[in-house]
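Asks: Handing you this structure, nothing more for now.
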Amino acid sequence: LAKTTQPISMDSYEGQEVNITCSHNNIATNDYITWYQQFPSQGPRFIIQGYKTKVTNEVASLFIPADRKSSTLSLPRVSLSDTAVYYCLVGGDNAGNMLTFGGGTRLMVKP
Amino acid sequence: DAGITQSPRHKVTETGTPVTLRCHQTENHRYMYWYRQDPGHGLRLIHYSYGVKDTDKGEVSDGYSVSRSKTEDFLLTLESATSSQTSVYFCAIGDRGLIDTQYFGPGTRLTVL
Numbered sequence: 002l003a004k005t006t007q008p009i010s011m012d013s014y015e016g017q018e019v020n021i022t023c024s025h026n027n028i029a030t031n032d033y034i035t036w037y038q039q040f041p042s043q044g045p046r047f048i049i050q051g052y053k054t055k056v057t058n059e060v061a062s063l064f065i066p067a068d069r070k071s072s073t074l075s076l077p078r079v080s081l082s083d084t085a086v087y088y089c090l091v092g093g094d095n096a097g098n099m100l101t102f103g104g105g106t107r108l109m110v111k112p
Numbered sequence: 158d159a160g161i162t163q164s165p166r167h168k169v170t171e172t173g174t175p176v177t178l179r180c181h182q183t184e185n186h187r188y189m190y191w192y193r194q195d196p197g198h199g200l201r202l203i204h205y206s207y208g209v210k211d212t213d214k215g216e217v218s219d220g221y222s223v224s225r226s227k228t229e230d231f232l233l234t235l236e237s238a239t240s241s242q243t244s245v246y247f248c249a250i251g252d253r254g255l256i257d258t259q260y261f262g263p264g265t266r267l268t269v270l
């Protein structure tokens with residue numbers, strides 16, 4: 002399974018756009034890229050998933066370059082409530098027992 | 158939120174005692190997962206199930222066993238709890254395997270003294 006590398010923490014201010022980049026140099030052909038958000042004392046919550054190029058939903062955008070060795074989660078106009086830990090996952094249907102969330106990126110949004 | 162509950166939500170036990178955590182879903186999802194979360198490690202997969210009586214090991218399965226006799230219930234058992242198993246345990250459910258959107262339960266905080 003492709004290992005992911007994310008920044009440990011990031012700071013931002015309300016109203017700004019936040020981009021969190023995840024590196025996954027060993028991504029396999031059948032691997033998808035998925036991002037989760039976790040608030041303190043809660044389970045993670047799905048944000049977005051993609052395979053290539055760009056995916057957008059009501060919460061975020063996911064940018065994946067052609068070589069798929071990295072991906073960027075973009076959160077538009079963050080608010081204080083976006084303060085959370087964000088996890089990047091890479092895996093496919095055959096990821097089997099090696100799916101891991103990694104340490105995640107702790108985003109702090111300041112007023 | 159997806160219909161997924163965990164019980165108990167908090168438990169304190171002593172080393173060497175057996176512990177069973179329960180995950181219950183009302184969504185009829187095929188896949189169920191047990192993760193543990195520790196500071197500095199993110200979430201790590203313990204075991205998962207892809208159907209009734211069908212289970213497989215995750216990354217950190219040593220010391221844990223699971224059972225799934227009904228679609229809606231997935232049990233995680235620590236046969237003889239150790240202090241290293243002090244953690245927060247999350248159950249998750251999904252439909253399409255490990256790339257699927259997974260819906261997580263509220264977690265169980267287990268302390269082994």
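Chains A and B are the protein sequences, given in the same order.
Numbering of the first sequence is given in the numbering used here, commencing with residue 2 and proceeding in unit increments.
Numbering of the second sequence is given in the numbering used here, commencing with residue 158 and proceeding in unit increments.
Beta carbons are placed, not taken as given, at the ideal position from N, Cα and C, and that holds for glycine.
Using only the alpha-carbon positions, how far apart do B:L275 and B:V217 sit?
Replies: Shown here, chain B extends from 158 to 270; a query on residue 275 of chain B therefore has no answer.
Asks: Measuring alpha carbon to alpha carbon, tell me which of B:R266, B:H204, B:N185 ends up nearest B:Y192.
Replies: Of the listed residues, the one whose Cα sits closest to B:Y192 is B:H204.
Asks: A:Y14 by DSSP, collapsed to three states: which one?
Replies: Note: A:Y14 maps to strand in three-state DSSP.
Asks: Contact between the region 8-22 of chain A and the region 220-228 of chain B: three or more CB pairs below 8 Å?
Replies: Segments in contact, no.
Asks: Please confirm if B:P108 has its CB atom under 8 Å from at least one CB of chain A.
Replies: Outside the displayed range of chain B (158 to 270) lies residue 108 of chain B, so it cannot be described from this structure.
Asks: Rounded to whole angstroms, what is the Cα-Cα separation between B:G251 and B:G262?
Replies: If I take the Cα positions, the gap works out to 12 Å.
Asks: Ordered along the chain, which non-local residues of its own chain (more than five positions away) have a Cβ less than 6 Å from that of A:N98?
Replies: Model confidence at A:N98 stands at a pLDDT of 42, short of 50, so the residue's coordinates are unreliable; what they give is reported in the following sentence. Closer than 6 Å at Cβ, skipping near neighbours: no residue.
Asks: Please list, in chain order, the residues of the region 38-49 of chain A that have any C-beta partner in chain B closer than 9 Å.
Replies: Those residues of the region 38-49 of chain A that come within reach of chain B (Cβ to Cβ, closer than 9 Å) are Q39, S42, Q43, G44, P45, R46, F47.
Asks: Between which two residues does the beta strand (DSSP E) harbouring A:R46 extend?
Replies: Start and end: 46-51.
Asks: Check distances from the C-beta atoms of the region 74-90 of chain A to those of chain B and list, in chain order, the residues that come in under 7 Å.
Replies: The residues in question are Y88.
Asks: Going by C-alpha distance, which of A:N26, A:Y14, A:E59 is nearest A:T6?
Replies: Nearest option by C-alpha distance: A:N26.
Asks: B:D211 lies in the beta strand (DSSP E); which residues open and close that run?
Replies: Where B:D211 is concerned, the enclosing beta strand (DSSP E) stretches over 211-214.
Asks: So B:T272 and B:E236 are in contact, right, with Cβ under 8 Å, and what is the actual spacing, rounded?
Replies: For chain B, the structure presents residues 158 to 270; residue 272 of chain B sits outside this window and is missing.
Asks: Is DSSP giving B:D195 helix, strand or coil here?
Replies: It is a strand residue.
Asks: Could you check if B:V209 is buried or exposed, using at least 16 other CB atoms within 10 Å of its CB as the buried criterion?
Replies: Label assigned to B:V209: exposed.
Asks: Here's a check: name, in chain order, each residue in its chain whose Cβ is nearer than 6 Å to the Cβ of B:V176, leaving out the five neighbours to either side.
Replies: The residues are T170, L235, A238.
Asks: With burial defined as no fewer than 16 other Cβ atoms inside 10 Å of the residue's Cβ, what is the status of B:S164: buried or exposed?
Replies: Label assigned to B:S164: exposed.
Asks: Quick one: what's got a C-beta closer than 6 Å to A:G104's C-beta in the same chain, skipping five residues either side?
Replies: None.
Asks: Taking only the alpha-carbon atoms, compute the straight-line gap between B:Y246 and B:S226 and give it to the nearest angstrom.
Replies: Whole-angstrom Cα-Cα distance: 20 Å.
Asks: Taking buried to mean at least 16 other C-beta atoms within 10 Å of its own C-beta, is A:T151 buried or exposed?
Replies: No answer is possible for residue 151 of chain A: the residues shown for chain A start at 2 and end at 112.
Asks: For A:M99, which of helix, strand or coil comes out of DSSP?
Replies: Below a pLDDT of 50, predicted positions are generally treated as unreliable, and A:M99, at 47, falls in that range; no measurement from the model is reported.
Asks: Which word fits A:D32, buried or exposed, when buried means at least 16 other C-beta atoms lie within 10 angstroms of its C-beta?
Replies: It counts as buried.
Asks: Mind checking whether B:Q264 and A:G44 have CB atoms under 8 Å apart?
Replies: Residue identity differs from the one stated: residue 264 of chain B is Gly in this sequence, not Gln. Contact: yes.
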